[in-house]
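So the mapping is simple: this note's numbering equals the position in the sequence shown, first residue as 1, plus 172. C-beta atoms are modelled at their ideal positions from N, C-alpha and C, and glycine is treated no differently.
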Amino acid sequence: GRKGDRIKVLWWSGDGMCLLAKRLEHGHFVWPSAESGAVHLTPAQLSMLLEGIDWRRPARTHKSTQV
């Protein structure tokens, strides 16, 4: 979407194509630059992208407590 809050991912699962569509309720997806026309992501980067996390600057969401 224009607001950057929607994504569609198409991938080959080995025996057919799969389509995932997702919309974030808050925030937007952070995309890497696609200088060559293609985007290559590690599995960790893809996971963070789909969760709406800025994978360029991941931040801890909670602080651990000392015991």
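Is L182 helix, strand or coil when you go by DSSP?
By 1-based counting over the sequence shown, the position of residue 182 is 10. Residue state, collapsed to three classes: strand.
Does the contact criterion of 3 or more C-beta pairs under 8 Å hold for the region 203 to 211 versus the region 181 to 193?
With the cut-off at 8 Å, the region 203 to 211 and the region 181 to 193 do not touch.
Taking the alpha-carbon positions, what's the S219 to R178 distance?
In the sequence shown, the residue the question calls residue 219 occupies position 47. In the sequence shown, the residue the question calls residue 178 occupies position 6. Each residue's Cα considered, the two are about 15 Å apart.
Would you decide whether L221 is buried or exposed? Buried here means 16 or more other CB atoms lie within 10 Å of its CB.
For the purposes of this step, residue 221 is identified with residue 49 of the sequence shown, where counting begins at 1. With 16 or more other Cβ atoms within 10 Å, it is buried.
Does A193 come out as helix, strand or coil in the three-state DSSP assignment?
Residue numbering aside, residue 193 sits at position 21 when the sequence shown is read from its first letter. Strand at A193.
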